[in-house]
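Asks:
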Amino acid sequence: MTAAASPGRDVVLETDRLLLRPWRVAEAVVQRELWTERDPRVPPHRRIDAEGHPTVAELEDYIRANPPSSSLGLLAAERKADGEVIGYCGLIDGRGSHGEPELAFELLQRVWRQGYATEASSAVLDWARSSGYERLWSTVWDWNTASLRVLAKIGFTETERQEKDPVRGTTLFLTKRF
Numbered sequence: 001m002t003a004a005a006s007p008g009r010d011v012v013l014e015t016d017r018l019l020l021r022p023w024r025v026a027e028a029v030v031q032r033e034l035w036t037e038r039d040p041r042v043p044p045h046r047r048i049d050a051e052g053h054p055t056v057a058e059l060e061d062y063i064r065a066n067p068p069s070s071s072l073g074l075l076a077a078e079r080k081a082d083g084e085v086i087g088y089c090g091l092i093d094g095r096g097s098h099g100e101p102e103l104a105f106e107l108l109q110r111v112w113r114q115g116y117a118t119e120a121s122s123a124v125l126d127w128a129r130s131s132g133y134e135r136l137w138s139t140v141w142d143w144n145t146a147s148l149r150v151l152a153k154i155g156f157t158e159t160e161r162q163e164k165d166p167v168r169g170t171t172l173f174l175t176k177r178f
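If you're matching positions, the sequence shown starts at 1 in UniProt numbering and goes up one per residue.
#1: Per DSSP, what are the beta-bridge partners of Thr171 in this structure?
#2: Spatial neighbours of Glu163 within its chain, please: C-beta separation below 6 Å, excluding the five flanking residues on both sides.
#3: Quick check on the DSSP output: the beta strand (DSSP E) that includes Glu78 runs from which residue to which?
#4: The beta strand (DSSP E) that contains Leu107, what's its start and end?
#5: Among all the DSSP beta bridges, which residues are the ones paired with Gly87?
#6: Could you give the DSSP three-state label for Arg41: helix, strand or coil?
#7: Given this structure, state the Cα-to-Cα distance separating Ser6 from Thr175, to the nearest angstrom.
#8: What do you get for Trp143, buried or exposed, if any count of 16 or more other CB atoms within 10 angstroms of its CB means buried?
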C-alpha cells in the first residue's frame, strides 16, 4: 500500500486492486445506491426516507462541503481494473474515545465477498498509523457478521462496551491498538 497526504493535498491510498481517494461530485449516485441497499435494521436516519432523501443532489452538496482531511474522511473505493467506485472506507470522528477515530467502510452488495473491505481497511489502518493514531475504534451491529469478520481479520477485538437497541440489535464497540 502506498499513501500520499499533506496539508492542502488530497489523500490517496493505493492497494493491489483499489484506489482510495476523495469522492467526486459525479459519484453521488454511488453513495445513493449504498443508501438504498442498507439493511432495514439500520436506523432510519441512515436510510432513504419516505420523501426520498437524501437525494443525489443532496449527496452532491455533501461531497462538495466535506472533503477528507489529511487524517480523517471517508474515501471512495475505486477498483483500479475498471475505475468503478464500489463503496467507501476511511476514518471518522465516531463514537469511540475522544481523539481516537473510528474505522468505517461500506461496499455495494454486488462486490461483497471479494476481499475488498479487508483490503481497503488494511490500507486505512496503515494511513491511521502513519497519521500518528495509537488506537482506532469501530462500531458494528451484532447481526452484521460480514463486517465483524473483516474487523477480526485486520486485528480488531471486541470491548465490553455495547449499546443495546430492542428494535435494531446491539451495537458492538471494537478497538485496535497499534
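Glycine included, every Cβ here is placed at the ideal spot set by N, Cα and C.
Replies: Looking at the coordinates:
#1: Trp141 and Glu163
#2: Thr171
#3: Gly73 to Arg79
#4: Glu102 to Leu107
#5: Ala77 and Leu107
#6: coil
#7: Only weak support exists for where Ser6 lies, its pLDDT of 39 falling under 50; the coordinates are left without a value.
#8: exposed
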